[in-house]
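Input: a single structure, listed below in structure tokens.
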Amino acid sequence: MADCALCNSSNSITYYQRRDYRIMKCNRCGLLYIDPQPTKEELKKYYTELADHRYLLKYKHQTIQRGKKILEMVGRLKRGGDLLDVGCGYGFFLNLAREKGWRTHGLELSPGALKYARETYKLDLLEGDIAEASLKPKQFDFITLQHVLEHISEPILILKKLAKALKDDGILVVVVPNASSLMARFARTRWVCLSEATHHLFHYTIKTLTLLLSLGGFETVSSLTYQWEGRDLMWGMKVFLKRLIKAEDDRDIIEKPNQSNWQEEQQVIARGKYMCARPLGWLVAKFGLGAEIITVAKKELR
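In the numbering used here, the protein residues as written are 711 to 1012.
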């Protein structure tokens, strides 16, 4: 069993057991992590072979909405300069940032995503892994890691590398799934990040993410949670309610929120659920229970 990557404690318990792996919970700092960890070769093979992940295109609207929130948060501290988006995917965020005046740079492993971003938005991007990328010291004013950090096997080393690449007054923004979200609490071991995503190596809360950033050479400026869609929240509540009534056959409750059962619901009921979920999503985010954590950090100058 691997020690905790944050506090090096060997005092961990099995939080969730699957046939090929388990999720451990550190009793000291609370970090959730997968055991055994995939090798670097396995991870690189997974992402480079993910040439066709067009399913992410349906999240374009949500990515842009989150991007607007990020740019609003960063705009209070810094306006314009060189931006690096690590794991830039289809380029939705970089295109938005360019429209707001940022000089954009991107790094992405997936050939399919790179092809789309280059052809659609004419972005200047590099193909590769952040661990192997050559970054100049104090090159960037702003770096983003959106749904990337949870996939990195050595997050402290990568954060230290990014700290060197940031200017002294530079800003880092990290977005990760919230392991303390309302949905994660409802779904527990059926939370999709635990039950399906073997490439999610770590599962962060605001507390553990703040600790990680500190170890990586950053000081947290602000953190908030963000609920980018109502439907996924309603799905989590559905899981919770079915658990309460102790459904005999719970196989259908691990379906993803975009599967066909949503279309089968009566249109009026479905619309009503979504209308209720949006204000509920706003409310849970205000209480730190949103699906995502957005953290703004700055370099610790020593």
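Built from N, CA and C at the ideal position, the CB exists for glycine as well.
Computed from a predicted structure; not experimentally measured.
Check: With 16 as the cutoff for other CB atoms within 10 Å, does residue 830 come out buried or exposed?; Outcome: exposed
Check: Restricting to Cα atoms, I'd like to know which of 874, 777 and 815 is closest to residue 927.; Outcome: 874
Check: Consult DSSP for residue 717 and reduce its assignment to one of helix, strand or coil.; Outcome: coil
Check: Any idea if residue 836 is buried or exposed, counting beta-carbon neighbours within 10 angstroms, 16 or more meaning buried?; Outcome: exposed
Check: Measuring straight from C-alpha to C-alpha, what distance separates residue 877 and residue 820?; Outcome: 28 Å
Check: Comparing alpha-carbon positions, which option in 812, 900, 786 and 931 lies nearest residue 725?; Outcome: 900
Check: Sorted by chain position, which residues of the same chain lie with C-beta nearer than 7 Å to residue 839's C-beta, five sequence neighbours on each side aside?; Outcome: 754 and 819
Check: Going by other Cβ atoms of all chains shown within 10 Å of its Cβ, with 16 needed for buried, is residue 723 buried or exposed?; Outcome: exposed
Check: Does the Cβ-Cβ distance between residue 808 and residue 792 come in under 7 Å?; Outcome: no
Check: Could you work out which residue in 849, 815 and 914 is closest to residue 800 when comparing CA atoms only?; Outcome: 815
Check: Determine, using beta carbons only, whether residue 770 and residue 802 come nearer to each other than 7 Å.; Outcome: yes
Check: So, helix, strand or coil for residue 751, using DSSP?; Outcome: helix
Check: Distance check for residue 746 and residue 863, CA to CA, integer angstroms please.; Outcome: 11 Å
Check: Is there at least one non-hydrogen atom of the ligand MN closer than 6 Å to the beta-carbon of residue 888?; Outcome: Judged by which ligands are present, the structure shown has none, so any question about the ligand MN falls away.
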